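S.K.: Numbering (full-length UniProt numbering), first residue to last: 1 to 316. Where a beta carbon is used, it is the ideal one built from N, C-alpha and C, also for glycine. Remember, predicted model here, so these are calculated numbers, not experimental data. Here you go, one structure.
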């Protein structure tokens, strides 16, 4: 065999191997990366005591919201007797009684439902708005990115609580649970949008995205199948922490008189009603404030643990 024939044979082997490697990879690179990320995160979370404290507290408050009768010791929050007005905690009434003589433990327990519903519903709306707007802005760039980014900046310029107050005071949405959740979400989605946008911009130039585009995948499939999975981690961390933030925001709005209205039961209403009696009946403010603080702390601890577990830089 001549030298020219040997050179041609080597060229044919290299070309065949290259073509075989690029034609139709059997391994989904995006899926492999995500599986590795979540398996490592799961292992770190199982070793993190703060995560488990947050999970136990969060699950306990979720049970309280779904099955309040299990925690209220059989008391009815609307069954009141003025003869027991402002009585302090005792063995028979662990949280005492409020100004109307209602069992305060039952009131605090039943208040968990509205607060958690508002927090969870608002964060769902935040995620939908943030993911959709952020994905479109980061993927299409150009004029689309400029327009959506400027709209986001306008909402950023409006203070979170002030914007919710304006919407609720206008009466457009009413004062119910859904209205408060939507009012909070309308002015709380921008950070999620920025997180998704930055992740999409960072990922869309990757080799596996270029390979998917070369194989004829549509823009929608590339965005949903190959790009968005890489934006899940930071958004999940943000959403977990934001649940606690939104629960606290709902209590703030209700305390200011623009959130939920009686006869609804919520921690914000209880704190607002008890503030004028802080010296004579401090338990009216202490117990709902304590439960509210623990609820917010539970979601913040879970979010912090998720952030550490999903950040490769935190691993040795």
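1) Could you have a look at residue 286 and say whether DSSP puts it in helix, strand or coil?
2) Can you check which of these residues, 183, 194, 66, 218, is closest to residue 146 by C-alpha distance?
3) Given that a residue counts as buried once 16 or more other Cβ atoms are within 10 Å of its Cβ, and exposed if not, what is residue 250?
4) Taking all protein chains shown into account, decide if residue 268 is buried (16 or more other Cβ within 10 angstroms of its Cβ) or exposed.
5) Is there a C-beta anywhere in chain C that falls below 8 angstroms from the one on residue 288?
6) With C-beta atoms as the reference, is residue 108 less than 8 angstroms away from residue 243?
7) Using beta-carbon positions only, say whether residue 143 and residue 167 come within less than 8 angstroms of one another.
8) To the nearest angstrom, how far is it from the Cα of residue 125 to the Cα of residue 187?
9) Can you tell me which of 76, 69, 98, 88 puts its alpha carbon nearest to the alpha carbon of residue 82?
10) Can you confirm whether the stretch 88-105 touches the stretch 146-158 when touching is taken to mean that 3 or more C-beta pairs between the two stretches lie within less than 8 angstroms?
11) On the premise that residue 247 lies in contact with residue 119, defined as a C-beta separation below 8 angstroms, what is that separation, rounded to the nearest angstrom?
12) Verify the contact flag: residue 99, CB atom, against every heavy atom of the ligand GDP, threshold strictly below 7 angstroms.
13) Use the C-beta contact count for residue 169: other C-beta atoms within 10 angstroms, 16 or more gives buried, fewer gives exposed.
14) Taking just the CA atoms, how far does residue 279 sit from residue 285?
15) Please list, in chain order, all residues of the same chain as residue 240 whose beta carbon is under 7 angstroms from its beta carbon, the five residues on each side excluded.
16) Classify residue 71 as helix, strand or coil using the three-state DSSP reduction.
17) Are residue 44 and residue 75 close, meaning C-beta to C-beta below 8 angstroms?
18) Starting from residue 240, follow the alpha helix (DSSP H) in both directions and report where the run begins and ends.
19) Buried or exposed for residue 197, going by 16 or more other Cβ atoms inside 10 Å?
20) In the structure shown, what three-state DSSP assignment does residue 95 receive?
21) How long is the line joining the alpha carbons of residue 252 and residue 231, rounded to whole angstroms?
22) For residue 159, is the classification buried or exposed, using 16 other Cβ atoms within 10 angstroms of its Cβ as the cut-off for buried?
23) So, is residue 70 buried or exposed, given that buried needs 16 or more other C-beta atoms within 10 angstroms?
24) Relative to the C-alpha of residue 272, which candidate in 287, 204, 254, 173 has its C-alpha closest?
M.R.: From the atom records:
1) helix
2) 194
3) buried
4) buried
5) Judged by its chain identifiers, the structure shown contains no chain C, having just a single protein chain.
6) no
7) no
8) 11 angstroms
9) 98
10) no
11) 4 angstroms
12) Questions concerning the ligand GDP fall outside what the structure shown contains, since it holds no ligand whatsoever.
13) exposed
14) 10 angstroms
15) 299, 302, 303, 306
16) coil
17) no
18) 232-255
19) buried
20) coil
21) 31 angstroms
22) exposed
23) exposed
24) 254
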